[in-house]
Amino acid sequence: MPQSVIEGLMEGVGEDEFRRLVLALYDVLMGTYEGLYDLIKGFDEDLSRGVSVNVDEYYREVVGIIRNMHVDTYYIIIKLNEALSQHPELLKVLPRTAPTQSLDAVNKMFGAMAGVLFRLACGLEEPRRGALILLAESYLDLAVDKPLDAIVLTLASIALARGRRDVAAELLRRVGVDLEGIINFACGAVELAKFLEEHGIHSIPE
Amino acid sequence: MGDGEYYLVDTNVLFDVVRLVLTVNPLFETVLRNPRDIEAIQQIAMSVINKINKRWIASFAFLSRECRRGNCFITEFTQRIELPRVFVKLLLGGDLPIRRGGGSLFNEVEGLTKGWFSIVESLFGIGVLGMDYSDYEVAREIVRVYEVCGSGSLVKVLNNAMDVLLVATALNRGYNFVTTDKRLVCGLVNQVVTGLTQVPRGGVCLANARLGIGGRALSTRVYLIHEQCGSLRCTGRERWC
């Protein structure tokens, strides 16, 4: 979402301090997004050029970006809460979020995308299977609010897709992920679902 | 969560994993059949998202990382009683079509249970724990704790006897217990379960289970996977004592 849209949404919301904090939060998130985008792009370019990749350096960079985001957002959100407790009327004028745009819906979307990718991946051969499963797992991590793991898994997925299993294994070791283990688990889940579908079961009630 | 840890897994956590994969099937098929039909994909995606429970995602994420070295188990009670119960529920709920002339209903349920579990065992590496008398002794001790609280508490704990057996087995073996059952965890709060904390990430709440029995102090960790994790509270009414 461009900054102008955020500014537009915040128009008419009283208290300069509050408006400034919301825009600062937007800046932090945009900065994080841009930082991660550049990092992933650079990583992919390094791999495609066949230059040696310093896994330690990439990992430290991801940790740094995520840590800064957490520290900055934590600070801003505390300040926002203070502002809201002093001016509860601001809650009423804030733009409403549609149910489909809530954080819950976004997280469920990541979960749905992961599920689709698992089904797709398990019909493929290696290395595409592993690369897609890692990507799907990174969506799951985003859905359960584990951004560091999510980004590391995305990098490992790119490494596998580029035929660099060694780099992928090195990255996964940092977050305690066993590649064979998660591939077996994901494809086991797909097999299990297919077994039930073959018996006419398409959902399991709670 | 490090190496050498074992997990006793409640059935519903395993079913959550499958629920996620089953629910996305219409979206998967639409993407495969009509990859360029963005409108159809969006429409199906919204309907799929509305059906997904975020607990299923947390269950998948948790088990896919932790159950990877033959370190996850279900009990033989789960295998022989809970799984058939789920399949009977599916039959009666109309989710599982009844095939006339295919043998007895019992055989149908037994066949499904065996097929389902053999996949779980071979692909997930999940094993079955045989239960012995020491597990029952620990379960009896839990019940004794609630006897002291009065007849109402005793009724509540006995109404959940199968689940109490699971907690007792985990305590007796020193295995971490993984469940989605808030009713069970909150029921045991104060007497057996303590220190229910909200792990900030992962949709998982963490608690400790402790019990003293015959001079032994048993303890283990309880992982409660629940959609309310982050703001989950156990009320006084939910506690069995």
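Which chain is which? The protein sequence lines are A and B, in order. Mind the numbering: the first sequence is residues 33 to 238 in the numbering used here, read in order. Mind the numbering: the second sequence is residues 21 to 261 in the numbering used here, read in order. Even glycine gets a Cβ: it sits at the ideal position worked out from N, Cα and C.
Can you round the beta-carbon distance between residue i and residue j to whole angstroms, since I take them to be within the 8 Å contact cut?
i: ILE108(A); j: VAL60(A); result: 7 Å
i: ASN192(B); j: LEU238(B); result: 7 Å
i: MET174(A); j: ALA182(A); result: Here residue 174(A) is Leu; the residue named in the question, Met, does not match the sequence. Between ALA182(A) and LEU174(A) the Cβ distance is about 5 Å, and since that is below 8 Å, they are a contact.
i: THR214(B); j: ARG230(B); result: 6 Å
i: CYS169(B); j: CYS254(B); result: Going by Cβ atoms, the distance from CYS169(B) to CYS254(B) rounds to 16 Å, so no, they are not a contact pair.
With DSSP run on the structure shown, which of helix, strand or coil describes residue i?
i: THR214(B); result: strand
i: LEU172(A); result: helix
i: GLY232(A); result: coil
i: ARG51(A); result: helix
i: LEU238(B); result: strand
i: ILE72(B); result: coil
i: ASN54(B); result: coil
i: THR189(B); result: helix
i: TYR195(B); result: coil
i: MET21(B); result: In this prediction, MET21(B) has a pLDDT of 47, which is less than 50 and means its spatial position is unreliable; what the coordinates show is noted afterwards. Of the three classes helix, strand and coil, the one that applies to MET21(B) here is coil, per DSSP.
i: VAL83(A); result: coil
i: LEU16(B); result: Residue 16(B) lies beyond the range of chain B shown here (21 to 261); nothing can be said about it.
i: ILE214(A); result: helix
i: LEU116(B); result: coil
i: LEU149(A); result: helix
i: LEU252(B); result: coil
i: GLU258(B); result: helix
Determine the extent of the alpha helix (DSSP H) in which residue i is found, giving its start and end residues.
i: GLY172(B); result: 171-179
i: SER142(B); result: Looking at the DSSP string, SER142(B) is not in any alpha helix (DSSP H), and its letter there is neither H nor E.
i: ALA156(A); result: Correcting the residue identity first, residue 156(A) is Leu in this sequence and not Ala. That residue, LEU156(A), is in no alpha helix (DSSP H); it is neither H nor E in DSSP.
i: VAL37(B); result: 31-43
i: SER189(A); result: 179-193
i: VAL108(B); result: 103-112
i: CYS206(B); result: 202-208
i: GLU202(A); result: 197-206
Are the C-beta atoms of residue i and some chain A residue less than 9 Å apart?
i: SER124(B); result: no
i: ILE77(B); result: yes
i: ALA60(B); result: no
i: ASN192(B); result: no
i: ILE233(B); result: no
i: LEU42(B); result: yes
i: GLY24(B); result: no
i: CYS225(B); result: no
i: LEU110(B); result: yes
i: ARG88(B); result: yes
i: ALA81(B); result: yes
i: ASP115(B); result: yes
i: ARG39(B); result: yes
i: SER251(B); result: no
i: PHE97(B); result: no
i: VAL68(B); result: yes
i: VAL198(B); result: no
i: ILE94(B); result: no
Please check if any C-beta of chain C sits within less than 9 Å of the C-beta of residue i.
i: MET141(A); result: In summary, chain C is missing from the structure at hand, where the protein chains are A and B.
Return the first residue and the last residue of the beta strand (DSSP E) that residue i is part of.
i: TYR166(B); result: Segment 153-167 is the alpha helix (DSSP H) holding TYR166(B); no beta strand (DSSP E) there.
i: ILE110(A); result: Counting along the chain, ILE110(A) falls outside any beta strand (DSSP E), though it belongs to the alpha helix (DSSP H) covering 87-118.
i: ARG230(B); result: 224-233
i: CYS92(B); result: 92-95
Quick check: is the beta carbon of residue i nearer than 9 Å to any beta carbon in chain B?
i: SER235(A); result: yes
i: LEU152(A); result: yes
i: ALA146(A); result: yes
i: LEU166(A); result: no
i: GLY162(A); result: no
i: PHE227(A); result: yes
i: GLY195(A); result: no
i: ASN216(A); result: yes
i: VAL184(A); result: no
i: ASP173(A); result: yes
i: ASP78(A); result: no
i: GLY232(A); result: yes
i: GLU223(A); result: yes
i: VAL209(A); result: yes
i: ASP104(A); result: no
i: VAL94(A); result: no
i: ALA137(A); result: yes
i: GLU169(A); result: yes
Taking 8 Å as the cut-off, does the CB of residue i come closer than this to any heavy atom belonging to the ligand ZN?
i: ALA229(B); result: In the structure on display, the ligand ZN does not appear, and there are no ligands present to speak of.
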